[in-house]
Amino acid sequence: AGTGKFFVGGNWKCNGTKESINKLVSDLNSATLESDVDVVVSPPFIYIDQVINSLTSRIEVAAQNSWIGKGGAFTGEISVEQLKDVGCKWVILGHSERRHIIGEDDQFIGKKAAYALSQGVGVIACIGELLEEREAGKTSDVCFRQLKAYADAVPSWDNIVIAYEPVWAIGTGKVATPEQAQEVHVAVRDWLSKNVSAEVASKTRIIYGGSVNGGNSAELAKKGDIDGFLVGGASLKGPEFATIINSVT
Ligand code: PEP
Numbered sequence: 068a069g070t071g072k073f074f075v076g077g078n079w080k081c082n083g084t085k086e087s088i089n090k091l092v093s094d095l096n097s098a099t100l101e102s103d104v105d106v107v108v109s110p111p112f113i114y115i116d117q118v119i120n121s122l123t124s125r126i127e128v129a130a131q132n133s134w135i136g137k138g139g140a141f142t143g144e145i146s147v148e149q150l151k152d153v154g155c156k157w158v159i160l161g162h163s164e165r166r167h168i169i170g171e172d173d174q175f176i177g178k179k180a181a182y183a184l185s186q187g188v189g190v191i192a193c194i195g196e197l198l199e200e201r202e203a204g205k206t207s208d209v210c211f212r213q214l215k216a217y218a219d220a221v222p223s224w225d226n227i228v229i230a231y232e233p234v235w236a237i238g239t240g241k242v243a244t245p246e247q248a249q250e251v252h253v254a255v256r257d258w259l260s261k262n263v264s265a266e267v268a269s270k271t272r273i274i275y276g277g278s279v280n281g282g283n284s285a286e287l288a289k290k291g292d293i294d295g296f297l298v299g300g301a302s303l304k305g306p307e308f309a310t311i312i313n314s315v316t
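When the letters of the sequence shown are read in order and numbered with the UniProt record's numbering, they come out as residues 68 to 316.
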């Protein structure tokens with residue numbers, strides 16, 4: 068782990084029912100969690116209120132998306148103001164599923180990040196390359212292009228956690244090796260140092276996501292620039308998610 072406080076997010080994606088989420092919340096409420104870790108879970112919008120009303124305040128809640136500006140006539144969207152109203156402190160933006168399945172582009176995501184931050188909601192800002200981009204040697208180009216879109220839009224990095232999530236590792240069971248993840252985290256930090264500031268580079272937490280589970284998190288957590296994880300599938304299992312949280316070193 069790095070020098071910043073370890074940060075572990077659980078992205079539940081479009082999974083769960085009232086009943087299964089009740090069970091997951093109760094497992095999380097009874098889990099023993101290392102105190103020196105920020106923990107956030109991200110339920111589907113429709114269950115956020117249920118989760119906030121039943122989950123221990125030890126764990127904060129993130130939305131999986133938010134609207135680009137103030138709410139109003141935007142059918143089907145959820146505004147940052149509404150997220151705040153129900154007690155949501157974070158939002159995941161730029162997730163690869165939103166980039167590559169829904170078609171959100173870098174600038175749209177950057178603007179969403181800026182708006183959420185302007186309202187005091189923290190941003191888990193995702194970046195990451197596709198398999199063909201990695202194979203073509205374009206991993207840094209892609210990550211830096213995505214980072215630049217955030218940097219061009221946001222006034223400050225105080226409330227941002229960067230999630231490096233190689234798309235080929237998400238939901239595939241194919242985790243990046245600790246060395247592969249560390250290499251990109253170092254490159255991201257270096258980019259921040261050159262393009263934002265040395266202070267932001269050293270303070271910003273860079274977490275890894277992509278098939279993290281209770282069996283591989285400890286090795287990944289040993290790397291000096293891995294400040295935590297964004298976890299999909301394994302965050303749906305309370306005890307395993309707790310193991311990942313407790314892999315902080
Ligand atoms: C994610 O969706 O952010 C993710 C990392 O998923 P998984 O852990 O299932 O690969």
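Glycine is no exception: its CB is placed at the ideal position from the N, C-alpha and C atoms.
My output table needs one value for residue i: the three-state DSSP class, helix, strand or coil.
{"i": "residue 71", "result": "coil"}
{"i": "residue 127", "result": "strand"}
{"i": "residue 109", "result": "strand"}
{"i": "residue 312", "result": "helix"}
{"i": "residue 160", "result": "strand"}
{"i": "residue 189", "result": "strand"}
{"i": "residue 142", "result": "coil"}
{"i": "residue 134", "result": "coil"}
{"i": "residue 151", "result": "helix"}
{"i": "residue 210", "result": "helix"}
{"i": "residue 264", "result": "coil"}
{"i": "residue 258", "result": "helix"}
{"i": "residue 122", "result": "coil"}
{"i": "residue 83", "result": "coil"}
{"i": "residue 301", "result": "helix"}
{"i": "residue 284", "result": "helix"}
{"i": "residue 96", "result": "helix"}
{"i": "residue 203", "result": "coil"}
{"i": "residue 253", "result": "helix"}
Looking only at its chain, what residues have a beta carbon closer than 6 Å to the beta carbon of residue i, apart from the 5 residues adjacent to it on each side?
{"i": "residue 284", "result": "311 and 314"}
{"i": "residue 302", "result": "77 and 308"}
{"i": "residue 206", "result": "196"}
{"i": "residue 260", "result": "268"}
{"i": "residue 230", "result": "191, 193, 274, 276 and 297"}
{"i": "residue 382", "result": "Residue 382 lies beyond the stretch modelled for the chain, which goes from 68 to 316, so this question has no answer here."}
{"i": "residue 254", "result": "207"}
{"i": "residue 91", "result": "305"}
{"i": "residue 114", "result": "88"}
{"i": "residue 216", "result": "173, 174 and 177"}
Using the DSSP secondary-structure output, state which residues sit across from residue i in a beta bridge.
{"i": "residue 296", "result": "75 and 275"}
{"i": "residue 231", "result": "194 and 275"}
{"i": "residue 104", "result": "73"}
Less than 8 Å between C-beta atoms, sequence neighbours within five positions excluded: which residues of the same chain meet that for residue i?
{"i": "residue 105", "result": "72, 73, 74, 75, 127 and 295"}
{"i": "residue 148", "result": "137, 138 and 186"}
{"i": "residue 328", "result": "Examination of residue 328 is not possible in this model, given that the chain is present from 68 through 316 alone."}
{"i": "residue 107", "result": "74, 75, 76, 77, 126, 127, 128, 129, 156, 157 and 191"}
{"i": "residue 201", "result": "233 and 235"}
{"i": "residue 103", "result": "72, 73 and 315"}
{"i": "residue 293", "result": "68, 69, 245, 248, 249, 252, 273, 274, 275 and 287"}
{"i": "residue 167", "result": "197 and 234"}
{"i": "residue 82", "result": "111 and 303"}
Apart from the five residues just before and just after residue i, which ones in its own chain have a Cβ nearer than 7 Å to its Cβ?
{"i": "residue 96", "result": "122 and 123"}
{"i": "residue 258", "result": "211 and 214"}
{"i": "residue 241", "result": "235 and 278"}
{"i": "residue 251", "result": "206, 210 and 231"}
{"i": "residue 226", "result": "184, 189 and 190"}
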